[in-house]
Each structure stands twice: as structure tokens, then as C-alpha cells.
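To start, the structure itself, in C-alpha cells.
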Amino acid sequence: MPGISGPGAVTRSTLRQQIADALRDEVLAGRLQPGQEFTVKEIAEQYGVSATPVREALVDLSAQGLLEADQHRGFRVHEYSPADFVEMIEARGLVVDGMFRSLVERFEDTSLIERFEDLAAEGSATAGAPANAAPEAGAAPAAPALPRTVPPRLRPPLDPRTAAKLAGVRRRGEEAQRAASAGDLTVLIGYDLRFWRELSALFGNAYLADFLHRLRVRCWVCAVQQLRRLDDLRGLLWSGHTELVDALARGDIPAARALVAAHHAHSLSLVGRSAGA
Numbered sequence: 051m052p053g054i055s056g057p058g059a060v061t062r063s064t065l066r067q068q069i070a071d072a073l074r075d076e077v078l079a080g081r082l083q084p085g086q087e088f089t090v091k092e093i094a095e096q097y098g099v100s101a102t103p104v105r106e107a108l109v110d111l112s113a114q115g116l117l118e119a120d121q122h123r124g125f126r127v128h129e130y131s132p133a134d135f136v137e138m139i140e141a142r143g144l145v146v147d148g149m150f151r152s153l154v155e156r157f158e159d160t161s162l163i164e165r166f167e168d169l170a171a172e173g174s175a176t177a178g179a180p181a182n183a184a185p186e187a188g189a190a191p192a193a194p195a196l197p198r199t200v201p202p203r204l205r206p207p208l209d210p211r212t213a214a215k216l217a218g219v220r221r222r223g224e225e226a227q228r229a230a231s232a233g234d235l236t237v238l239i240g241y242d243l244r245f246w247r248e249l250s251a252l253f254g255n256a257y258l259a260d261f262l263h264r265l266r267v268r269c270w271v272c273a274v275q276q277l278r279r280l281d282d283l284r285g286l287l288w289s290g291h292t293e294l295v296d297a298l299a300r301g302d303i304p305a306a307r308a309l310v311a312a313h314h315a316h317s318l319s320l321v322g323r324s325a326g327a
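As numbered in the numbering used here, the sequence shown has no gaps in its residue numbers, which increase by one up to the final residue, 327.
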């Protein structure tokens, strides 16, 4: 079948999942083009398997938004627009921001937070006196309200297990950065998806992690359809993975949010540029 360059046979017992993964990789690599059509029979012959797991895999990919089912012609690769990408980025930003907040809260010491909140409340009460009320002679100035989060320097170190997991995520980020610098889109996508999946797994919510993974796959499918139009991607792809891990490791929400915001703005600009090309 034209456009399919995967192995001639699939040997794992989970044929449905492996076929879905293989076809997803073909779409991400640009070997299956937007709008390209194929049938269950063609895919089954390509991989040397029966039609049942192929049909199930194609239905799964359709549910994920990568393919479109046509009752008479089989399936075709879904074609995304730059407007679709904008909406995906907006959705992704909301999910990631919430997950980062949850992650950093896990790193903070509850007793320290409660102590700082008590002090902040006391400071707010003092500072809440009428602005035109003159202080009594010799009275101390009103205490400023303290922040409601523990300063980074007072946060306890990460527990060894979490620190080890973050170190592993960081290694994935390093690989992603090297691929981004080299302009190797195919390698970058693989490491980037793994990076975000492992990072989101730290939250302990398998459903949320799976949702974010599926959304990022869609984002990459959409981006690939545009980025393949550019001749040279060296130095153009986002590579702030390790900076993001470092910000989260020290519980710096503002820095993490700024990095993600820059990532999204960069992605939108790059996809828009490639769409114009």
C-alpha cells in the first residue's frame, strides 16, 4: 500500500494496540498524508494479520481524531486546519496549568503552608484598617500581607522517589532538546510525547494523564501536517523541556507557567508560519 512503510508482520498479542500505534506513527511521520484513504483489507495485508484487530485499531484511531471513517471507502487521515491547532493549544494549556498546580502543591510542606497562611491572615487583618485612620503615637506600622504560598527557599526537598522520577523525565527532555536542535521532527515527537506522559504520570491521575497524552498526539498530528512544509527545522522547534522540569522541581509555578505559555506561543507562531509557506 502506498505510504505505509511499517513492518510486514505484527507479532505481539495485543494486535489491536500495536496496529493502532504503528499507524499513528505513520501519520506523525508524515508517511500517511492528510486525506489519504485506505481500507481494512489493505492494512491487514500490509501487516499480515486478520481484519478484526485492524478494524478495531482503525476505529480506535477514529475515536482519537486521527482518522475519519467512510462507510463506503474505508478510512482516511483526518486533515486539520491552523484554526484546529489554536483550539487544541487552548485546551492543552488549561489542562497543563491545572496539573502543574497540583504537582507543586504535592511538593509543599502542609505545616509550613498553614503557618504562612496564619501569618498572612494576621497581616491582612492589620492592613485592613481604614486607610484614613491615623496610627497611634508610637504604634508599629501595619504588617504587610504575606504570600499564601511557601517561599521556594523554605520548601522541603523532594522525596527520593519523586526526585528519581523527575530525573528520568529530565533525561527524556534532554533527548527531546537534542532532536529539536537538530530539526529531527520524527525523533522529537517520540521523546516529547514520552516526556509529557511521564511528567503527567507524577500526578497519580491516570485518566488525566491519558487525556493529556491523546490531546498532545492530536496537536502533533495537526502540527506535522503544517511543519512538513518547511525545508529546515533546525533551531526552530521548542526545546525548553529541561527548564520546565527544573522549574517544577523547585516548585516555581510562575516560571513553569511562563515556560508553557512561551511554548504555546512558539508553537502557534511556527505552525502559522508553515501554513503560510
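Heads up, the beta-carbon is just placed ideally off N, CA and C, and yes, glycines get one too. Being a predicted model, the structure only gives us computed values, none of them experimental.
- Counting other Cβ atoms within 10 Å of its Cβ, Pro103 reaches 16 or more and is therefore classed as buried.
- The alpha-carbon separation between Ala119 and Ala214 amounts to approximately 43 Å.
- Within the same chain, Val127, Glu129 and Gln275 come within 6 Å of Pro84 by CB-CB distance, once the 5 residues on both sides are set aside.
- For Ala297, same chain residues with a beta-carbon under 7 Å away, outside a window of 5 residues either side, are Ala305, Ala306 and Leu309 in chain order.
- DSSP, reduced to helix, strand and coil, places Gly322 within a helical segment of the structure shown.
- A contact between stretches requires three or more CB pairs, one per stretch, nearer than 8 Å, and the segment 242–257 meets this requirement with the segment 218–226.
- Ser131 counts as exposed, since fewer than 16 other beta carbons sit within 10 angstroms of its beta carbon.
- Fully enclosed beta strand (DSSP E) runs of no fewer than 3 residues occupy 117–120 of the segment 88–126, in order along the chain.
- For Gly85, there is no enclosing alpha helix (DSSP H), since its DSSP letter is neither H nor E.
- Residue range Pro210 to Ala232 is occupied by the alpha helix (DSSP H) that includes Leu216.
- Rounded to whole angstroms, the separation of the alpha carbons of Val90 and Arg105 is 6 Å.
- Taking C-alpha positions only, Ser319 is separated from Ala141 by approximately 17 Å.
- With three or more CB-CB distances shorter than 8 Å, the segment 279–286 counts as touching the segment 227–234.
- If only uninterrupted beta strand (DSSP E) runs of at least 3 residues are considered, none is enclosed by the segment 245–293.
- The alpha-carbon of Val146 is positioned some 8 Å away from that of Leu262.
- Rounded to whole angstroms, the separation of the alpha carbons of Met138 and Ala273 is 11 Å.
- Counting along the chain, the unbroken alpha helix (DSSP H) around Asp71 starts and ends at Leu65 to Leu78.
- In terms of Cα proximity to Tyr97, the closest of Gln121, Leu116, Arg123 and Ile69 is Ile69.
- Residue nearest to Ala315 within the set Phe135, Gln114 and Val77 is Phe135 (criterion: CA-CA distance).
- Annotated three-state conformation of Arg307 is helix, per DSSP.
- Here DSSP, grouped into helix, strand and coil, assigns Ser131 to coil.
- Residue Ala312 holds the alpha-carbon nearest to the alpha-carbon of Leu294 among Ala133, Asp281 and Ala312.
- In the three-state reduction of the DSSP assignment, Arg142 falls in the helix class, which pools H, G and I.
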